[in-house]
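Read top to bottom, the protein sequences are chains A and B. Quick note on numbering: this note's numbering labels position 49 of the first sequence as 435, and the sequence is numbered without any gaps. Quick note on numbering: this note's numbering labels position 55 of the second sequence as 441, and the sequence is numbered without any gaps.
Number of protein chains: 2
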Amino acid sequence: MAYRKTDKVTARLADTRRSILDAARGLVAEGGFAAVQMTEVAKKAGVATGTLYRYFSSKEALCRQVFREVSAREMGMLAEIASSDEPASERLVKVLRTFAGRAVRGRRLAYALLAEPLDVNLAEERAFFRRTHADIFARIIEDGIDDGELRRIDVRIAAACIAGAIPTALIGPLAPESHELDSNPDRTVEEIVNFCLAGAGVARASGKTRIKERRTTA
Amino acid sequence: MAYRKTDKVTARLADTRRSILDAARGLVAEGGFAAVQMTEVAKKAGVATGTLYRYFSSKEALCRQVFREVSAREMGMLAEIASSDEPASERLVKVLRTFAGRAVRGRRLAYALLAEPLDVNLAEERAFFRRTHADIFARIIEDGIDDGELRRIDVRIAAACIAGAIPTALIGPLAPESHELDSNPDRTVEEIVNFCLAGAGVARASGKTRIKERRTTA
DNA sequence: ACAAGGAATGAACCATGGTTCATGATCGAG
DNA sequence: CTCGATCATGAACCATGGTTCATTCCTTGT
Numbered sequence: 387m388a389y390r391k392t393d394k395v396t397a398r399l400a401d402t403r404r405s406i407l408d409a410a411r412g413l414v415a416e417g418g419f420a421a422v423q424m425t426e427v428a429k430k431a432g433v434a435t436g437t438l439y440r441y442f443s444s445k446e447a448l449c450r451q452v453f454r455e456v457s458a459r460e461m462g463m464l465a466e467i468a469s470s471d472e473p474a475s476e477r478l479v480k481v482l483r484t485f486a487g488r489a490v491r492g493r494r495l496a497y498a499l500l501a502e503p504l505d506v507n508l509a510e511e512r513a514f515f516r517r518t519h520a521d522i523f524a525r526i527i528e529d530g531i532d533d534g535e536l537r538r539i540d541v542r543i544a545a546a547c548i549a550g551a552i553p554t555a556l557i558g559p560l561a562p563e564s565h566e567l568d569s570n571p572d573r574t575v576e577e578i579v580n581f582c583l584a585g586a587g588v589a590r591a592s593g594k595t596r597i598k599e600r601r602t603t604a
Numbered sequence: 387m388a389y390r391k392t393d394k395v396t397a398r399l400a401d402t403r404r405s406i407l408d409a410a411r412g413l414v415a416e417g418g419f420a421a422v423q424m425t426e427v428a429k430k431a432g433v434a435t436g437t438l439y440r441y442f443s444s445k446e447a448l449c450r451q452v453f454r455e456v457s458a459r460e461m462g463m464l465a466e467i468a469s470s471d472e473p474a475s476e477r478l479v480k481v482l483r484t485f486a487g488r489a490v491r492g493r494r495l496a497y498a499l500l501a502e503p504l505d506v507n508l509a510e511e512r513a514f515f516r517r518t519h520a521d522i523f524a525r526i527i528e529d530g531i532d533d534g535e536l537r538r539i540d541v542r543i544a545a546a547c548i549a550g551a552i553p554t555a556l557i558g559p560l561a562p563e564s565h566e567l568d569s570n571p572d573r574t575v576e577e578i579v580n581f582c583l584a585g586a587g588v589a590r591a592s593g594k595t596r597i598k599e600r601r602t603t604a
């Protein structure tokens, strides 16, 4: 007979694959998908460029995989909260806080996932990611309406609004400057969450918002 | 003496410049900035590719100019409404309706301006465009708060939320499918506007104000 | 009409960066 | 140890699309 992969080899292959994915993910975390160049990935992973193509059929395939892995973690987190059995408004608050909070803390990665200019192939992946978000929001809002907790609105549109408002307010070019954000991310998150809740018709249980600053932009 | 541009020549030059810009704008309207290729622009404008470089120093310069011209019209429109002396909540409603309404009707162009993946140079231009939007929203909200019409919120964040929610809900991958949108764009617009108003704390006075929106569309 | 520019041309050029492939190293089985 | 098969290598290749520039065509003022 000829050749049959032994476990050790299989493991090594898996390792290499992992290290390629890790390298790519690292580049994304540093400079977004724009910074993913095959030569760089190879260098960082400690393999030759040609090797990349033994594990991924193309740059696109590699990037897709990275996108999936990174986004899966986020989605899972939100999905879990969403499926708890608390009242809808409570779940909504938690989901929004988690979404906004995680984005604010991992801004670079969040930017790559949500807002970075990227080409059509990856845009597809992002579309899925966003749709999933929106679905999670929509589901909760729908529950809330069914239970009479929320006023009747078009859940899909409200969900889309939320899915757009949060990233833009946090990480888009409109976002408060980084230092500002870093100095008090929780305030910002809270404010954004409030906007979305109000938009979705959640009667703001918490009475205190204590806001002082009110800045006119330039 | 040698040569001095005559008026006729100056006019012709201006014409050529215009036709180049128009050609580029046309391509943007059809396929976004991604569809702007110098050879295509030249063909469409009826000139040689080299000629383009007599009028614009680079592709980037051309695209920037196109972006500015297109976005200026939109911003002017909103700014005008915003500066009227109606009560803030009224202005806010009008501005949002106009923004959303125009985007929905010129979805392709709106996509190019607001959401299309584009490279950093143009992204700068877009950032300015968005910031201006947000400033307009912020100004109105601030007025509303000062007049006691709106509850106190962080105006910049609310403005950013609005600026993010509208495009996403309308033209992003989350948007209702086109046929759906086309069949009843006004409903969708109204629903989005409602979300934003609620988010900004406008007590929905709505006895349904039928507003004739201004069309100046290209 | 003609000389002296400016304007227009478009094929050639070039930079970027993804992909390939001939070559050599490594591995499994007999 | 040796053979056949797989894996790894990285320099060469290629496609895309923006930019250049030698050449030609037009305009202007005498």
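Built from N, CA and C at the ideal position, the CB exists for glycine as well.
C-beta neighbour in chain A for residue i, strict 9 Å
| i | result |
| --- | --- |
| N507(B) | no |
| F581(B) | yes |
| C547(B) | yes |
| G585(B) | yes |
| R596(B) | Only weak support exists for where R596(B) lies, its pLDDT of 42 falling under 50; the coordinates are left without a value. |
Beta carbon of residue i nearer than 9 Å to that of residue j
| i | j | result |
| --- | --- | --- |
| A501(A) | I557(A) | yes |
| S475(A) | A589(A) | yes |
| E446(B) | N507(B) | yes |
| C449(B) | A410(B) | yes |
| G585(B) | A555(B) | no |
| P553(B) | G487(B) | no |
| L583(B) | L482(B) | yes |
| T402(B) | A431(B) | yes |
| P503(A) | D529(B) | no |
| A428(B) | A434(B) | yes |
| F419(A) | A498(A) | yes |
| V490(B) | V579(B) | no |
| I526(A) | R573(A) | no |
| R454(B) | E511(B) | yes |
Proximal residues of chain A, C-beta to C-beta of residue i below 9 Å
| i | result |
| --- | --- |
| P553(B) | G550 and T554 |
Minimum Cβ-Cβ distance from residue i to chain B less than 9 Å
| i | result |
| --- | --- |
| P503(A) | yes |
| D529(A) | no |
| I543(A) | yes |
| R600(A) | With a pLDDT of only 37 at R600(A), under 50, the local geometry of the prediction cannot be trusted, and no value is derived from it. |
Residue i: contacting residues in chain B (beta-carbon distance under 8 Å)
| i | result |
| --- | --- |
| I539(A) | E577, N580 and F581 |
Beta-carbon neighbours of residue i, restricted to chain B and to distances below 9 Å
| i | result |
| --- | --- |
| A428(A) | Neighbours of A428(A) on chain B: none; closest Cβ ~24 Å, over 9 Å. |
| T484(A) | Within 9 Å Cβ-Cβ: nothing; T484(A) doesn't reach chain B, min ~17 Å. |
Partners in chain B for residue i, counting only beta-carbon separations shorter than 7 Å
| i | result |
| --- | --- |
| T574(A) | I543 |
field: At least three beta-carbon pairs within less than 8 Å, the segment 539 to 549 of chain A to the segment 440 to 459 of chain A
entry: Result no; under three Cβ-Cβ pairs closer than 8 Å.
message: I'd like the ranges of any alpha helix (DSSP H) spanning at least 4 consecutive residues and lying wholly in the segment 525 to 561 of chain B.
response: 541 to 557
query: Are the segment 390 to 404 of chain B and the segment 508 to 516 of chain A touching, with three or more C-beta to C-beta distances below 8 Å?
result: no
- prompt: Taking one C-beta from the segment 427 to 443 of chain B and one from the segment 396 to 414 of chain B each time, how about it: are there three or more such pairs within less than 8 Å?
  reply: yes
query: Are the segment 533 to 544 of chain B and the segment 535 to 543 of chain A touching, with three or more C-beta to C-beta distances below 8 Å?
result: These segments do not touch.
- prompt: Mind pulling the alpha helix (DSSP H) runs of 4 or more residues that sit fully within the segment 437 to 485 of chain B?
  reply: 445 to 468
query: What are the complete alpha helix (DSSP H) segments, minimum 4 residues, inside the segment 399 to 437 of chain A?
result: 424 to 431
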